[in-house]
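Student:
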């Protein structure tokens, strides 16, 4: 049974952290191919999983030069966590991470849209809801120290959110162009167009939209008396396939992974005034080494100016020679006397005792 020593205990405790740190740094970040994007979103959303999309947050700011309540001036992206949920006969869509009550009341919106279309049949004017806010939406940006540059860009921004827990608010409107279809639009884009000319507003909304204006489209489906949503469109960029693994690693590593990024800059700042002395000292050491090796042809002294290699010094101390006819011989010179067939070129005198070595 192996003996329990403090060194072995330390190695056993350090091994999981080394493995987790290696996974954090070098785990690949494969993106979802564009041709598989729609199928990936439909499959995850239909199964009740969360689909995260990163959208540009700047168009949702009321005024770029001012900060209002619920706005995050430091955030470049908002991360909508789309997830459908059924409670009895009510359908809702969660838009934030777990632990938040930010939801879209889909069933209520469908009822309002159905009433609108029943009162206005054949007019071709869609139902447009009042503006409402998607509160408590995660937000983030690039620049988090623990997010390595080779991570996928969306992953880096999500890591920034997980480290700082920044939140944003999105002002949106729901449009129901026909019963059973629900669209989510940016309020600042829809509002001026809709109140200018409601009859032709929807055509203009569809014609001039950008990727940030039209956030999502859902369709109501029924299966055996139960209703669910099918996603037809979600805007935004998706995280990599391995982001959930990195997010799980962030919980144990989070309190410690940022320490090197704080300690190393502090050490650089402390030793920066002495950097030129270190460079001069290293240059002198390298110069002496080169001089001994190239010009004098001698061996490099392993101890010079405080630079010492204990392993080489110990090896030199225990170096052994070989006894020859007249006494100790240099092993290097002896190897040079080997012939082409790797045999000893000089004959061993009969008086030499085998197995004896001379300690230098």
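In this note's numbering, the protein residues as written are 18 to 377.
Each residue gets a CB set at the ideal place from its N, CA and C atoms; glycine is no exception.
Between residue 230 and the rest of its own chain, which residues show a CB-CB distance below 7 Å, the 5 nearest in sequence each way excluded?
Tutor: Here residue 230 refers to the residue found at position 213 when the chain shown is read from its first residue. Contacts found: 202, 203, 206.
Student: State the Cα-Cα distance for the pair residue 102 and residue 108, rounded to the nearest angstrom.
Tutor: Counted from its first residue, the chain shown places residue 102 at position 85. Counted from its first residue, the chain shown places residue 108 at position 91. Those two C-alpha atoms are separated by around 6 Å.
Student: Checking 8 Å against the spacing of the C-beta atoms, do residue 70 and residue 252 come in under that value?
Tutor: Here residue 70 refers to the residue found at position 53 of the chain shown. Here residue 252 refers to the residue found at position 235 of the chain shown. Their beta carbons are under 8 Å apart, which means residue 70 touches residue 252 by this criterion.
Student: Please go through the segment 41–119 and give each complete alpha helix (DSSP H) segment of 4 or more residues, from N-terminal end onward.
Tutor: The alpha helix (DSSP H) runs of length 4 or more contained entirely in the segment 41–119 are, from start to end of the chain, 51–63.
Student: Could you give the DSSP three-state label for residue 208: helix, strand or coil?
Tutor: To locate residue 208, count along the chain shown from 1; it is residue 191. Note: residue 208 maps to helix in three-state DSSP.
Student: Measuring only the C-alpha atoms, how far is residue 24 from residue 57?
Tutor: Your numbering for residue 24 matches position 7 in the chain shown. Your numbering for residue 57 matches position 40 in the chain shown. Rounded to whole angstroms, residue 24 to residue 57 spans 48 Å at the Cα level.
Student: Would you say the segment 179–190 touches the segment 147–154, given that touching needs at least three Cβ pairs under 8 Å?
Tutor: yes
Student: Please report the straight-line C-alpha distance between residue 42 and residue 254, rounded to a whole angstrom.
Tutor: Stepping through the chain shown from its first residue, residue 42 is reached at position 25. Stepping through the chain shown from its first residue, residue 254 is reached at position 237. Roughly 22 Å between the two C-alpha positions.
Student: What residue does the alpha helix (DSSP H) around residue 230 start on, and which one ends it?
Tutor: Position 213 of the chain shown, counting from 1, holds the residue named residue 230. From DSSP, residue 230 is part of no alpha helix (DSSP H); its letter is neither H nor E.
Student: Taking Cβ to Cβ, would you say residue 222 is nearer than 8 Å to residue 210?
Tutor: As a working note, residue 222 is residue 205 in the chain shown. As a working note, residue 210 is residue 193 in the chain shown. Yes.
Student: Assign residue 291 to one of two classes, buried (16 or more other C-beta atoms within 10 Å of its C-beta) or exposed (fewer than that).
Tutor: Residue 291 sits at position 274 when you count from the first residue of the chain shown. Residue 291 is exposed by the Cβ-count criterion.
Student: What is the rounded straight-line gap between the Cα of residue 170 and the Cα of residue 147?
Tutor: On the chain shown, residue 170 is found 153 positions in, with the first residue counted as 1. On the chain shown, residue 147 is found 130 positions in, with the first residue counted as 1. Straight-line Cα distance between these residues: approximately 34 Å.
Student: Rounding to the nearest angstrom, what Cα-Cα distance links residue 286 and residue 200 in this structure?
Tutor: As a first step, residue 286 is located in the chain shown; it is residue number 269 there, counting from the start. As a first step, residue 200 is located in the chain shown; it is residue number 183 there, counting from the start. So the two alpha carbons sit approximately 54 Å from each other.
Student: Starting from residue 175 and walking both ways along the alpha helix (DSSP H), at which residues does that stretch end?
Tutor: Residue mapping note: residue 175 aligns to position 158 of the chain shown, counting from 1. Per DSSP, residue 175 belongs to the alpha helix (DSSP H) from 170–181.
Student: Under 8 Å Cβ to Cβ from residue 20, same chain only, skipping five residues before and after it: list those, please.
Tutor: Reading the chain shown from its first residue, position 3 is the one you call residue 20. The answer is none, since no qualifying residue turns up.
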